[in-house]
Every structure is written in C-alpha cells, then in structure tokens.
Amino acid sequence: MSLSPATRSLAGIGLRAAHYRDFLDGRPSIGWLEVHSENYFGDGGFDLHVLDHVRRDYPLSLHGVGLSLGSADDLNDVHLAKLQRLVERTDPLLVSEHLCWGAYGGRHFNDLLPLPYTEEALGMMVERVDRVQTVLGRRILVENVSSYLQYRDSTIPELEFAAEVVRRSGCGLLLDINNLYVNSVNHDFDPYAALAALPAKNVDEIHLAGHTRTEICLIDDHGSSVTADVWKLYSAAIARLGPIRTLIEWDTQIPALEVLLAEAAKVETLLSPAHV
83 MSLSPATRSL AGIGLRAAHY RDFLDGRPSI GWLEVHSENY FGDGGFDLHV
133 LDHVRRDYPL SLHGVGLSLG SADDLNDVHL AKLQRLVERT DPLLVSEHLC
183 WGAYGGRHFN DLLPLPYTEE ALGMMVERVD RVQTVLGRRI LVENVSSYLQ
233 YRDSTIPELE FAAEVVRRSG CGLLLDINNL YVNSVNHDFD PYAALAALPA
283 KNVDEIHLAG HTRTEICLID DHGSSVTADV WKLYSAAIAR LGPIRTLIEW
333 DTQIPALEVL LAEAAKVETL LSPAHV
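Under our numbering, the first residue of the sequence shown carries the number 83, and numbering increases by one thereafter.
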C-alpha cells in the first residue's frame, strides 16, 4: 500500500544513543524524532553534536522526564533554565512533560510518580504549567503517566484531571495509550470510556510502548513491542480523534533500529485513510 507523505510524517520514534550512528551515516525513513530533554542539558559533547545533526533532517520533539511539575517543592529554576536553553538551541516542534512528581526535598526519584487527583493538585498543576509556558514562551504538552497505586483522596478521574489542566492552562495533551491501558488493568476501569471523555481538539501527540504483565499488575517498562490490546485501543483513539502525531517509545532492551521502524510502519498503516 502506498502511503501519503502527510501520513508518513505523523509516525515517529525516540532517538536513542544505540541508533546515533544510523542517523549520522544515513537518513532513516521516519517522520520525526523525540529525545529526552535532560540528556542534552550539557554544554557540549557527542550527544549535542548528534542532536544538532538530526534536527536539520527531522522535526524534533523534546520530552522531559525530570521537571517534577507536581512536586510539593517549587519548580527547579536551574532545570527550567536548562530546558529553556535547549528549546532555544533546537527550536523543537513539540515540548512535553508529565503530569506527575519525581522529586522532593532536593532528592530525585528514578520514577514518574502519580499525583492525587484533587482540586488542590489541579490548581497547583495549572499554575506550574502556566509558569513553564511563560518561561519557554510556548505552549507545552502534558502526558498522563502509568501508576501502580491510587490515592484515597483522589476525587477526579485521571484523564478528566488531565483534560482540566489542559483547559485551564491552555497547554496540550500528550496521550500515552500504553499508560492508559496499563492503568485500566491495574486500577480496573474502562479505558474506552476514559478515552471518550477526552476533549479531542486538545490531543496533540500520542505515545505507544510495550509493557510487561506480571502476576500482580502490568508494568510500563518500554522494553518490548506494542501489544495487541494497546494497538486496539490506539485504533479506537484515532477513530475518535483523527490522525495524530504518534511516537513509538522503546527505552529498555533497545533493539535494532529496523525493529522500531517496523513498529512505526504499523502506525503509518493505521493512520492511512483506509483505516481512520
């Protein structure tokens, strides 16, 4: 099947160090690339060299994992200044962060921890997103995270919380379909009903990834192919939302680049007019 350039350009992959040489030596066929912002906060070095190279050939998305928007601590001004500098250097297509917290008292945790979905947390998150957008001088996207516990004090469904942050702050939503599916299994809710409650016009990016099934729960580890259940949920999402820029995330047990490109090809097929 022949795919239009517009359809092909919506499928992206994460740029990982294991594949740097592929992009330095050639131009793999992919619509766009996403990188974790914090990996490029340095003043120089090989990582920034590669980033400067690929941004000439591909639209770029900066995806942050360390700003800790939902922490009880104030935002880290040093971290935010480094992000601002990277945005100015790369002029990315998209900038995103997570609806979560991951630091407290100056200590950082190696995880994206869920928020209590309350009115108090909602007000704080809106204020934080506003501040980041003001500093960066641009609209950002916020992503729903996977989780393995729920807070007793939560009063707002997760994606309704995310949608309200978007409405009040003017930011966009990065909808992680794998995280939505993982949480629906771990916390026993209908992911299709949650999807139906989202404001379609504010979803600007989608993430797809693999997970691991254990006897206790699903673990969002980004270390395998996208599962059939997540592809099915993704198909329902684009049927409702329309064609949306979609990323294949693969962060552990990283395979050859050809494996990621094959996953991205599945995205291109599902986004084609015959399927949407």
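Positions of the beta carbon are idealized from the N, C-alpha and C atoms, including for glycine. Every value quoted in this text rests on a predicted model; they were computed, and no experiment measured them.
By how many angstroms is the C-alpha of residue j removed from the C-alpha of residue i?
{"i": "Gly205", "j": "Asp155", "result": "15 Å"}
{"i": "Asn284", "j": "Glu225", "result": "12 Å"}
{"i": "Asn268", "j": "Phe105", "result": "38 Å"}
{"i": "Leu194", "j": "Asp302", "result": "11 Å"}
{"i": "Asp311", "j": "Val217", "result": "39 Å"}
{"i": "Ala338", "j": "Glu345", "result": "12 Å"}
{"i": "His360", "j": "Phe243", "result": "Residue 360 is absent from the structure shown; the chain starts at 83 and stops at 358."}
{"i": "Glu340", "j": "Asp139", "result": "19 Å"}
{"i": "Gly148", "j": "Ala163", "result": "13 Å"}
{"i": "Asn192", "j": "Gly184", "result": "7 Å"}
{"i": "Arg137", "j": "Thr172", "result": "7 Å"}
{"i": "Gly252", "j": "Glu246", "result": "10 Å"}
{"i": "Leu130", "j": "Ser119", "result": "11 Å"}
{"i": "Ser86", "j": "Pro239", "result": "The predicted model places Ser86 with a pLDDT of 42, which falls under 50 and marks its position as unreliable, so this point remains unresolved."}
{"i": "Gly113", "j": "Tyr186", "result": "37 Å"}
Taking the CB atoms as reference points, tell me whether residue i and residue j lie closer together than 9 Å.
{"i": "Leu315", "j": "Pro281", "result": "no"}
{"i": "Tyr413", "j": "Leu133", "result": "An answer regarding residue 413 cannot be provided, because it is not within the stretch 83 to 358 covered by the chain."}
{"i": "Leu144", "j": "Ser178", "result": "yes"}
{"i": "Ile326", "j": "Leu92", "result": "yes"}
{"i": "Arg103", "j": "Asp333", "result": "no"}
{"i": "Leu342", "j": "Ile320", "result": "no"}
{"i": "Leu329", "j": "Ile288", "result": "yes"}
{"i": "Val117", "j": "Leu151", "result": "no"}
{"i": "Ala286", "j": "Leu176", "result": "In the sequence under discussion, the amino acid at residue 286 is Asp, which differs from the Ala named in the question. The answer is yes: Cβ separation under 9 Å."}
{"i": "Asp386", "j": "Ala291", "result": "Nothing can be reported for residue 386: it is not among the residues displayed for the chain, which extend from 83 to 358."}
{"i": "Leu223", "j": "Leu256", "result": "yes"}
Between which two residues does the beta strand (DSSP E) harbouring residue i extend?
{"i": "Ile330", "result": "Thr328 to Ile330"}
{"i": "Asp156", "result": "Counting along the chain, Asp156 falls outside any beta strand (DSSP E), and DSSP gives it neither H nor E."}
{"i": "Gly205", "result": "Note, Gly205: premise wrong, no beta strand (DSSP E); alpha helix (DSSP H) at Glu201 to Leu218."}
{"i": "Asp258", "result": "Gly254 to Asp258"}
{"i": "Ser143", "result": "Leu142 to His145"}
{"i": "Glu33", "result": "This structure gives no information on residue 33, because the portion of the chain shown stretches from 83 to 358."}
Output the boundary residues of the alpha helix (DSSP H) element that contains residue i.
{"i": "Ser236", "result": "Segment: none, Ser236 is in no alpha helix (DSSP H) and carries neither H nor E."}
{"i": "Leu130", "result": "Phe128 to Val136"}
{"i": "Ala319", "result": "Ala310 to Leu323"}
{"i": "Asp272", "result": "Segment: none, Asp272 is in no alpha helix (DSSP H) and carries neither H nor E."}
{"i": "Arg189", "result": "Arg189 -> not in any alpha helix (DSSP H); beta strand (DSSP E) instead, spanning Arg189 to Leu195."}
Around the C-beta of residue i, are 16 or more other C-beta atoms found within 10 angstroms, so that it is buried, or is it exposed?
{"i": "Asn260", "result": "buried"}
{"i": "Ile95", "result": "buried"}
{"i": "Asp235", "result": "exposed"}
{"i": "His419", "result": "In the structure as shown, the chain starts at 83 and stops at 358, and residue 419 therefore has no counterpart that could be examined."}
{"i": "Asn210", "result": "In the sequence under discussion, the amino acid at residue 210 is Arg, which differs from the Asn named in the question. The residue is buried, with at least 16 neighbouring Cβ atoms inside 10 Å."}
{"i": "Val160", "result": "exposed"}
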